[in-house]
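If you read the sequence shown in my numbering, its first letter stands for residue 29, the second for the next number, and so on. Backbone N, C-alpha and C define an ideal beta-carbon position, used for all residues, glycine too. In this text, all values refer to a predicted model and were calculated from it rather than measured experimentally.
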Amino acid sequence: MNIIVPHVGAIVTSQSLTNAANFLPPDVIGWEKWNTVLMHPETMAKLHILPRAPCWLTNIGANGDNNIIGVQCVTVWPCDEVKEIHIFFQKARINVKYRLNVVSTENIRKVSIIQLRPSSGKHFLPIYAKKHFRDYVAIYLCNGYLGINVPVYIYYYGQEHSFDIVLSETEMLKMLKISSDLSSAMLLRPKLDCAYHVVDNAVTSTVSSPLTFKEFGGAENAKKEIEEVLIKPLKGGKEACSVILSGYTGCGKTLFLHIIQECLQNKALWLSKREFEDFLENGAVNYDQKMALLVDDFDNMKQYNEKLCNFMDTYTNFSFVLAVRNVEAIDLPLRGRFPCELELLVPSLPERMEILHLLLKTKQLKLSSAQELIKDIAQKSHGYTGGDLKAIVHRVCTNFEFTGDKSELFQCFDVALKRIRPTGIRQFVLQVPDISWEDIGGNRELKMKIEQAILWPYRYPEIFKRFASKPPSGILLYGPPGCSKTLIARAIASQSRMNFLAVKGPELFSKWVGESERAIRELFRRARQVAPAIIFFDEIDAVGANRGNQNESHVGERVLTQLLTELDGLEEKGDVLVLAATNRPDRLDSALLRPGRFNLTIHVPLPDEETRLDILRIRLNQMKVSIDLDVEDMGRRTKGFSGAEVVELCNQAVREALLENRNADKLEFRHFDQALNEIIPRTPNWLLSIYEEFKRGATLDVI
29 MNIIVPHVGA IVTSQSLTNA ANFLPPDVIG WEKWNTVLMH PETMAKLHIL
79 PRAPCWLTNI GANGDNNIIG VQCVTVWPCD EVKEIHIFFQ KARINVKYRL
129 NVVSTENIRK VSIIQLRPSS GKHFLPIYAK KHFRDYVAIY LCNGYLGINV
179 PVYIYYYGQE HSFDIVLSET EMLKMLKISS DLSSAMLLRP KLDCAYHVVD
229 NAVTSTVSSP LTFKEFGGAE NAKKEIEEVL IKPLKGGKEA CSVILSGYTG
279 CGKTLFLHII QECLQNKALW LSKREFEDFL ENGAVNYDQK MALLVDDFDN
329 MKQYNEKLCN FMDTYTNFSF VLAVRNVEAI DLPLRGRFPC ELELLVPSLP
379 ERMEILHLLL KTKQLKLSSA QELIKDIAQK SHGYTGGDLK AIVHRVCTNF
429 EFTGDKSELF QCFDVALKRI RPTGIRQFVL QVPDISWEDI GGNRELKMKI
479 EQAILWPYRY PEIFKRFASK PPSGILLYGP PGCSKTLIAR AIASQSRMNF
529 LAVKGPELFS KWVGESERAI RELFRRARQV APAIIFFDEI DAVGANRGNQ
579 NESHVGERVL TQLLTELDGL EEKGDVLVLA ATNRPDRLDS ALLRPGRFNL
629 TIHVPLPDEE TRLDILRIRL NQMKVSIDLD VEDMGRRTKG FSGAEVVELC
679 NQAVREALLE NRNADKLEFR HFDQALNEII PRTPNWLLSI YEEFKRGATL
729 DVI
């Protein structure tokens with residue numbers, strides 16, 4: 029017998045319906061498509077319910093007994109094709125009695141965040157961790173009503189996925205009723221922008237081994253600290269500290285957060301930008317247990333600083349872990365609410381070896397010389413973050429088939445190291461070319477002096493310890509334009525395999541007050557992060573101009589003062605070297621040249637005849653020239669030329685040959701003879717005299 033009780037429910041009979049999909053709500057998708065019950069409008073009127081009203085549907089058996097064999101949350105929709113006091117439900121069996129219980133609005137709770145867990149006996153699939161799956165779930169459940177003890181079924185690419193809703197014990201007790209009446213049972217109604225998270229069921233999930241800090245190379249202090257201040261307290265049900273996690277891009281902040289989430293399971297919640305904003309706006313809707321909220325890339329969410337402060341003051345059961353690139357960018361009021369600050373540094377040599385070992389292990393490269401390879405890469409990768417090393421290993425393993433040739437594999441890694449620039453110093457680093465001392469003609473004594481000052485302290489530190497001597501912390505290269513000062517610096521970068529941060533003096537100046545000084549501080553901060561490192565200032569006279577010069581601006585004085593302060597800080601920290609180049613040493617402030625700042629000044633003069641011959645031979649080896657070309661005569665005739673002018677002489681000879689004959693295939697002596705009439709040495713004698721006076725230490729009037 030079918031019964032109707034207004035506002036409460038009814039006993040109805042299921043029926044069949046042809047082309048039922050045509051009678052569903054327009055544009056119906058997802059949960060609503062699978063959980064809509066079609067009902068005659070008169071039946072709905074007698075129940076006093078509106079279209080899309082939520083109800084509980086219970087199968088009570090074909091004989092009307094009370095043996096409950098299934099319960100489902102559904103919504104109703106009018107359909108004239110259904111008989112009165114009957115229903116059509118695509119999951120229902122035909123001619124079976126169902127109990128329909130109307131859900132009152134007071135038993136519906138709107139939520140902004142829902143955690144799901146694979147139902148008992150189901151595995152956590154890798155797809156559940158993907159953003160596009162969470163986005164799909166958000167669309168699928170947008171018009172749904174979810175029961176706290178009823179499985180949530182989601183159809184994804186033709187497969188049914190079953191989940192349970194995860195709630196804290198306290199929240200579960202709040203939502204459970206003593207009465208067995210389904211009409212009083214609580215339902216969750218997702219908001220339009222509700223965020224969804226699928227957590228692993230640790231008891232049943234056997235898909236993959238859990239992610240732990242053993243899979244994170246280096247950062248031992250940070251790993252130990254996060255265990256003590258966050259993970260252990262939360263696992264023990266105690267209050268934990270909020271943490272700011274900082275570090276350059278690629279240092280592992282995101283992986284660090286994922287490991288925290290894996291360690292804490294349902295005691296940690298990852299918030300995207302949209303979810304974070306919604307959390308602050310609507311509060312903690314269905315979470316009151318102690319748990320960690322993980323926020324990656326907080327640099328792009330700083331507009332919520334004030335709201336986050338208020339949230340942390342209101343909801344003390346939450347601990348936040350914010351990942352940022354620069355902790356100094358966080359406002360002090362917010363920063364003061366984080367008792368713990370952890371920094372993931374650019375990995376050191378032992379840490380790079382550990383990271384490479386983990387990376388090569390995941391690639392399953394079976395190498396007899398794996399340790400030798402790891403050590404070789406680690407020694408060449410100063411300043412490379414874990415992300416950079418991962419990109420290098422991926423590039424090699426993707427494009428290389430190991431045939432057993434060890435030298436070929438080492439060569440592939442060398443190529444990858446040159447093509448992938450270190451993230452930590454990308455803003456200031458030159459694209460380091462493969463330049464050796466042999467590519468710079470002549471100046472053998474000069475090269476030895478530079479190598480002794482820069483490379484020996486790192487290659488042979490025991491020599492300096494034996495004599496209790498400190499290597500120079502600053503070296504100044506001065507000389508005429510075009511005499512390879514910058515080329516020497518680039519060769520040092522290539523040969524030393526130290527991190528090389530390069531900046532031109534004028535690039536540091538900004539029209540904004542304080543920005544120029546900040547650029548100096550940031551440059552030295554980065555150098556200390558990736559030490560051992562070389563900072564190369566090209567055109568240092570733009571930054572270190574004499575403060576007695578009336579034309580010098582106040583900005584220049586402040587920048588110089590900041591530079592002097594940073595140079596003084598390097599005296600005790602011998603793993604950062606400052607290398608500078610200038611054409612006008614007479615314009616430098618005398619404070620820059622005292623011992624402890626630029627300890628060593630090296631004159632890079634105009635090339636002598638032997639050096640000019642070396643430059644010509646290097647350049648001519650790249651060209652097709654006549655065998656009767658007298659290179660030594662050209663070396664004598666280029667007296668007073670800078671190195672750049674000697675190279676330009678060769679380029680001009682090419683142009684002369686092409687003017688004479690567009691199809692010319694080699695250079696003749698006459699082409700160089702004609703080029704000598706075009707290329708004129710531009711270094712004035714008064715500039716050379718300045719270098720001589722500076723070399724003697726004489727005081728000069730600035731020109």
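On the DSSP letters alone, give me the boundaries of the beta strand (DSSP E) that Ile32 sits inside.
31–33
Can you pull the DSSP bridge partners for Ala609?
Leu505, Asp566
Here's the rule I'm using: 16 or more other beta-carbon atoms within 10 Å means buried, otherwise exposed. How should Arg518 be labelled?
By the neighbour-count criterion, in which a residue is buried when 16 or more other Cβ atoms sit within 10 angstroms of its Cβ, Arg518 is buried.
Tyr45 (DSSP reduced to helix, strand or coil):
A small fix is needed here, since residue 45 is Leu in this sequence, not Tyr. Looking at Leu45 - three-state DSSP - the assignment turns out to be coil, as it is neither helix nor strand.
Alpha carbon to alpha carbon, how far is Gly92 from Ala166?
Because Gly92 sits at a pLDDT of 44, beneath the cut-off of 50, its placement in the model cannot be relied upon, and the following sentence gives the value as read from the coordinates. Approximately 37 angstroms, taken between the alpha carbons.
Relative to the C-alpha of Tyr168, which candidate in Ala692, Glu188, Asn177, Leu153 has its C-alpha closest?
Glu188
Output needed for His385: all residues of its chain with C-beta closer than 7 angstroms, excluding positions within five of it in sequence on either side, in chain order.
Excluding positions up to five away in sequence, the list reads Ile402.
Restricting to Cα atoms, I'd like to know which of Leu350, Ile420, Arg363, Pro361 is closest to Leu372.
Leu350
Classify Thr711: buried if its beta carbon has 16 or more other beta carbons within 10 angstroms, exposed otherwise.
buried
Length at least 4, wholly inside the stretch 142–187: the alpha helix (DSSP H) runs in chain order:
159–168
Residues in the same chain with beta-carbon distance under 8 angstroms from Pro179, minus the five sequence neighbours each way, listed in chain order, please.
Ser147, Ser190, Phe191, Asp192
What is the residue span of the alpha helix (DSSP H) that Arg487 lies within?
484–487
Could you tell me the distance, in whole angstroms, from the CA atom of Ile96 to the CA atom of Val40?
Caution applies to Ile96, whose pLDDT of 42 falls short of 50 and renders its modelled position unreliable; the value that the coordinates give is listed next. Their backbone Cα atoms lie some 15 angstroms apart in a straight line.
Which residues in the same chain have their Cβ closer than 6 angstroms to the Cβ of Pro534, if we skip the five residues on either side of it in sequence?
Correct list, in chain order: Ala570.
Relative to the C-alpha of Ala81, which residue among Trp105, Val558, Glu70 is closest?
Trp105
Please identify the residue among Asn345, Phe244, Met476, Ile272 whose C-alpha is closest to the C-alpha of Ile516.
Met476
Spatial neighbours of Ser717 in its chain, beta-carbon cut-off 8 angstroms, leaving aside the 5 residues before and after
none
Measuring straight from C-alpha to C-alpha, what distance separates Lys335 and Pro375?
Lys335 and Pro375 have their C-alpha atoms some 35 angstroms from each other.
Quick one: is Tyr488 near chain B, going by C-beta distance under 9 angstroms?
Here chain B cannot be found, since the structure has a single protein chain.
Where do the N-terminal and C-terminal ends of the beta strand (DSSP E) with Leu220 fall, by residue?
215–226
Helix, strand or coil, according to DSSP, for Ile707 in the structure here?
coil
Close-in-space but distant-in-sequence residues of the same chain around Leu746 (CB under 7 angstroms, 5 per side omitted):
Outside the displayed span of the chain (29 to 731) sits residue 746, for which this structure offers no information.
Terminal residues of the continuous beta strand (DSSP E) containing Arg127?
125–130
Kindly list the residues whose CB is nearer than 7 angstroms to the CB of Ile31, restricted to its own chain and excluding five residues on each side of it in sequence; keep chain order.
Ala38, Ile39
Taking the DSSP output, what are the residues bridged to Gln100?
Leu85
Delimiting residues of the alpha helix (DSSP H) encompassing Phe241:
Premise fails: Phe241 is in no alpha helix (DSSP H) and is neither H nor E.
Taking DSSP as the reference, what is the three-state secondary structure of Asp55?
coil
For Ser670, which option in Val653, Asp617, Pro509 has the closest C-alpha, if you only look at C-alpha atoms?
Minimum Cα distance to Ser670 is reached at Pro509.
Ser675 (DSSP reduced to helix, strand or coil):
Contrary to the premise, residue 675 reads as Val rather than Ser in this sequence. Residue state, collapsed to three classes: helix.
CB-CB under 6 angstroms to Arg724, same chain, minus the five flanking residues each way: which ones, in chain order?
none
Straight-line Cα distance separating Asn471 from Thr639
6 angstroms
For Leu591 and Phe552, the rounded distance between their alpha carbons
9 angstroms
DSSP on Asp404, reduced to helix/strand/coil?
In this structure, Asp404 counts as helix in the three-state DSSP scheme.
Beta bridge counterpart(s) of Phe348 as assigned by DSSP:
Under DSSP, the beta-bridge partners assigned to Phe348 are Leu321.
What's the gap between the Cα of Pro489 and the Cα of His225?
54 angstroms
For the beta strand (DSSP E) holding Ser274, just list the boundary residues, first then last.
That run of the beta strand (DSSP E) goes 271–275.
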